[in-house]
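All the letters of the sequence shown, read from the start, carry residue numbers -13 to 1033 under our numbering. Idealized CB from N, CA, C, for every residue including glycine.
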Amino acid sequence: MHRLPEREAEMLSLIFKKRVGVVLLFALLCAAGVVLVTQLSVQLYPRTNRPRLSSSIRHDGISAVAFSNEYGEMIESRLMAIPGAELVEARYGANQSTFTITFAWDVDAHTAHADAEAALTSIGNQLPSDLTGVSRVRFFAGENAGFLILGLSSPTVTAEEMYRTVTGSLESRLNQVRDVDVVEVLSVENLRVDIVLRPTDMLHFGLTIVDVNNAMRSAGAATQSVGSLVDGPTRYSVRIDREQRGLMEIGDTVIRETGGVAVTLSDIADIDVSYTIPSATFVMEGTRGIQLVATPVDGGNIRTMSEEITRIVLDARDSGVLPADTEFNLLLDPAQYINRSIVNVVQAALIGALLAMLIVFLTLGEIRNTMLIGVSLPVTLVMSFILLYVFDVTLNLISLGGMALAVGMIVDSSIVVMENIHRFRVDEAHDGDVPHLKGLIIRAVAQVRGPVIASTLTSILVFLPISFTAPLTNAILGEQSTVVVFTLVVSLVVSLTLIPLLAFLAYHKHRATNGKTINDDDDSAEEPRRNLSDTVIGRIETVYAAALRAIVKRRATAAGLIVVVAGVLAFSIVVVMPLIPTEILSPPQSDRLIVFMQTAEDITTEDIVEQKIPEMTTLINERLGGYIANTYAEVRGRFNRLFVVLRNTRDIAHVTSELEDLFASDNDWTYNIMNWDPAQLPLPRTNDLQIAVSGPDETEVVALLERLRDTVSESELYARVSTVPATSFTDELIMRPRPETISGVQGYSQAGLASILQRALVGTQAVTYEHEGISVSARARYPAELVQGRSNFENLLVPYNQSAIPIKHFFDFSTDTNVSQIVSENGERVFRVYGNMSWGSGAADRPDRESKAREFVEESLDVPPGYSVVFENPQEELDSSIRSLFVSLAISVALIYLLLTFQFNSFGAPIVILVSVPLGFIGLVFSLYVFGSSLSLNSMLGAILLSGIVVNNSIIMIDFYRKSLAEYANRIDALVETARIRLRPILITTLTTIVGMLPIAIGLGEGSNVIKPLGIAVSGGLFVSTSLTLFVVPAILSLVKLRAVET
């Protein structure tokens, strides 16, 4: 027997002596964990995108080329100077340009938003006042994981009245909720102001559209600053405050006073103020309603946002702001998805824990041993929440998946410790003597403390390189890895302190009488003895020992086994692995369908709202009422969407089939039914094909881009082919001023005429009025027929000396063409063709299709000299993430080797131990292939995790082998006996880990399929690795010579 280190004995002795205090300490820590878990931030997913914001600038009447040439350099340089901005994409178009800013991963979303808003405000101040200005800075559409859609209605209040109440009393409060990016209320009615100028009357009064524009802007401004005034030590800002006319008095706006007579807007224009149904209308259960949409900031706490908004709306009803009979319909609630996913992941973890405990009971055969091991599960999980709170880790589907994953691993250390205590009690026939029990437990724990610590550290070490992987990988898997590390650290502490103490408390009250162990309070208690499980395990150990001896006693047989396994490993990597599809993460199951409706007919919004949608809703309820929770629709004229919410996700296939039967496309309507998952993990957008075009002449580059797009489309390899920028050209009417002519006409200049022409084409600048709680923009315009057609435009008349002069008198006209859109990235122009395969195509098809597309382009497209067509990798971020995980796996193995070298003080033993890593990879690859799973970030995390788990069995076996060499006559006997003795703990830890992950691998519950590849990878890999390790590692040990441990 090896000498027990005194410090280890003293530590456990102190724990036994202060057992009341130690138990109380663990109880207090568990209570703290229960409290702190309620304080953790809860999300559906961790933040998986860099902050990305966008804004647009309206420049009516200014082409993409003109705006880019005039202001592009100034705007882009300002945006690229924003701290943390990595990519600035500018899309210049006719009348409007959009700018998107992508920040670095480590930039806070709120900081990014504030910096972008400040920069764009500064840019807006430098643009001409006649431009509409910079739109509100918003997070890029689609980048947020979840948004809230709330429907409101009342039997006693009209939708119009409800809308005015919500926008007037609630909208501002809702926009103040933490983590809200924007709250929008979809209008149920539009207040429309149509001002059509009468050109003849304008000429009669000698007015131009610029005069109308200036008058309307002046009348619409309630405050006008006129400068500053100094009065001694005081400096005043001087402004004019005037009463703003109401919307219904807009016709009284004075345009000009001539001879004491005021010419008003109604004297020269036809004005119509009316209510209409907006182009975008919300329909709930067949009737118009109020739709409230709340979008979170990037990385915001979505559940908190959802709950706070719902609380504010409910409080508004209770306090009388909203009608008492207001009905709420949470059409899309991210909190619902989060809660459901959390419940299902926790359910999977509980099922795994129960299965693991069942395995422990069947293999150890004692209830008390099983219960002692089982205690480590809740204690470890609850105490882990303390570390999650301290390090600000959020609860989400990915991090909870890490906790569910760790269930089977948490008990491993406790199993090894408890199994060794059990074996010592049986072998030494413990008779209830307290000093003997105390020494027995101390010796049993000391014997396995080294392997237990080494095994846990190897599992922890595999997660350290995750922090140095590609940003996308770290963003998705970082918190999951952190959760696993925290639970393993806590489980190690529990197994070496609390479990021995509980074992001491559970057995120290027993004494021996007539060969039986009798409890002081229960005469029926029995002494530790071999039970049924011991008998069954004993027979398995005998069979295993015989089979193993047959392999290791002959060197040729051992070597042959190793060669065969190596061949299977090569086959799995070279042949099977390329057949597994790749993806970032598997999407969760959804309970929603969208019926897209499109018609070529001239149909009004009223007809769709009042006839089409109610008709479709009735058909759906008659056929599928038992499957449908609710329906709602967005009506946008010719393009509309009907949302169908199911009661259960399992019915998605049946309902889809029924809807396809109900709504078959015909000559009038085209229908398209798709599954929609609003809670799908938001990931960077990728394409299946990306080709870049470059050359000296941008006009020729666009023409080449168009030919390339058509060539790729002709190959029929991709369902959708697009270009950036658009390849269409705009026809330009070039007007060259006649300076001599203009100077000869009093009252006109080149700048004045340019303003008249701009206003003639786009109307006056919009003036905003407030009417009954509704904001409405008023803009005067010429009749459409007056400014349509080149001839009409050239003959547009402007007043002069009680007469009129056509515009063509001042300008020479010519035509030209130019690009309709300009796209740049960080100041560099880009020209690309993108291709996407049809929905459902496997990722494994992508390389083959790209190769065929490359060949087709080379054969069919003539590229001019000086121009280039380059195939780029559209999946670079995904490929980088996968590559970084392979690098992480290699680093993990290196760290494990370094740890084991210190542990065993040997170079050879760690190499033998690490043989189990490729053995696990065999099981991983075949499991993913057989069960139709994917090679994703989660499955690769499974490979990394597996490399830390599978070595544990080898560590236990080789540690005992080296310690036992001196006790046997030859190495073969020592090897077979060591393997036989350690078979039980190896089987227990392996089976508990596998069954603990079984609910994840099967994908029980909604949301579990996101981490399903991870469960399959670990379960399959561990099963195969353990099966092979029990024979391959001893076979290698029989061929090499390891030194015995010096005692």
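Rounded separation between residue i and residue j - CA only
i: S925; j: G1001; result: 8 Å
i: D674; j: L881; result: 37 Å
i: S41; j: E56; result: 19 Å
i: L884; j: V480; result: 26 Å
i: D959; j: T380; result: 52 Å
i: H795; j: T727; result: 8 Å
i: C16; j: I452; result: 29 Å
i: F715; j: I181; result: 32 Å
i: N325; j: I43; result: 40 Å
i: T528; j: T366; result: 35 Å
i: S305; j: A18; result: 37 Å
i: L317; j: V152; result: 17 Å
i: G738; j: A321; result: 57 Å
i: R636; j: Q333; result: 18 Å
i: P792; j: L189; result: 12 Å
i: V962; j: L534; result: 7 Å
i: D94; j: T34; result: 13 Å
i: P985; j: R693; result: 52 Å
i: T656; j: L645; result: 13 Å
i: T194; j: R203; result: 15 Å
i: A556; j: L875; result: 18 Å
i: L22; j: F890; result: 40 Å
i: V753; j: R231; result: 12 Å
i: R354; j: G387; result: 30 Å
i: Y31; j: L463; result: 10 Å
Supposed close pair residue i, residue j - CB separation, criterion 8 Å
i: L484; j: F12; result: 6 Å
i: V679; j: V843; result: That pair is no contact at about 11 Å.
i: I48; j: A71; result: At roughly 25 Å, the Cβ-Cβ gap does not stay under 8 Å, so I48 and A71 are not in contact.
i: H99; j: V123; result: 6 Å
i: R289; j: Q29; result: 7 Å
i: V8; j: L487; result: 6 Å
Cβ-Cβ distance between residue i and residue j below 8 Å
i: A705; j: S824; result: yes
i: S558; j: F912; result: yes
i: M(-3); j: L391; result: no
i: Y78; j: I614; result: no
i: V621; j: L579; result: no
i: T617; j: L605; result: no
i: P309; j: V143; result: yes
i: I908; j: V1010; result: yes
i: D717; j: T801; result: yes
i: A105; j: G275; result: no
i: F410; j: R435; result: no
i: L336; j: A492; result: no
i: T709; j: R695; result: yes
i: A76; j: E62; result: yes
i: V522; j: I974; result: no
Span of the alpha helix (DSSP H), counted from its first residue to its last, around residue i
i: H99; result: 95 to 112
i: M291; result: 288 to 304
i: V1004; result: 998 to 1025
i: N1034; result: What is shown of the chain runs -13 to 1033, which leaves residue 1034 out entirely.
i: H757; result: Per DSSP, H757 belongs to no alpha helix (DSSP H); it is in the beta strand (DSSP E), 753 to 757.
Start-to-end residues for the beta strand (DSSP E) that takes in residue i
i: T86; result: 81 to 89
i: G821; result: 818 to 822
i: E620; result: 614 to 621
Quiz item: Touch check for the region 165 to 182 and the region 250 to 261: three-plus C-beta pairs under 8 Å?
Solution: A contact between stretches requires three or more CB pairs, one per stretch, nearer than 8 Å, and the region 165 to 182 meets this requirement with the region 250 to 261.
Quiz item: How about the region 414 to 422 and the region 59 to 79: do they share at least three Cβ pairs that are nearer than 8 Å?
Solution: Judged by Cβ distances under 8 Å, the region 414 to 422 makes no contact with the region 59 to 79, as fewer than three pairs qualify.
Practice problem: Examine the Cβ distances between the region 399 to 414 and the region 345 to 362 and report whether three or more of them are shorter than 8 Å. | Solution: Yes: the two stretches touch, three or more of their Cβ pairs being nearer than 8 Å.
Exercise. Pair every Cβ in the region 891 to 905 with every Cβ in the region 937 to 953, then say whether three or more of these pairs are closer than 8 Å.
Key: Between the region 891 to 905 and the region 937 to 953, the count of Cβ pairs shorter than 8 Å is three or higher; the stretches touch.
Quiz item: Can at least three beta-carbon pairs, one atom from the region 217 to 226 and one from the region 733 to 748, be found at a separation below 8 Å?
Solution: No, they do not touch.
Quiz prompt | Given 8 Å, three or more beta-carbon pairs between the region 647 to 666 and the region 582 to 596 | solution = Cβ pair count under 8 Å is three or more, so yes.
Quiz item: When the Cβ atoms of the region 765 to 772 are set against those of the region 182 to 195, are three or more pairs found closer than 8 Å?
Solution: Counting Cβ pairs under 8 Å, three or more are found: they touch.
Self-check item: the region 368 to 383 touching the region 467 to 480, judged by at least three CB pairs closer than 8 Å
Solution: Because the criterion of three Cβ pairs below 8 Å is met, the region 368 to 383 and the region 467 to 480 touch.
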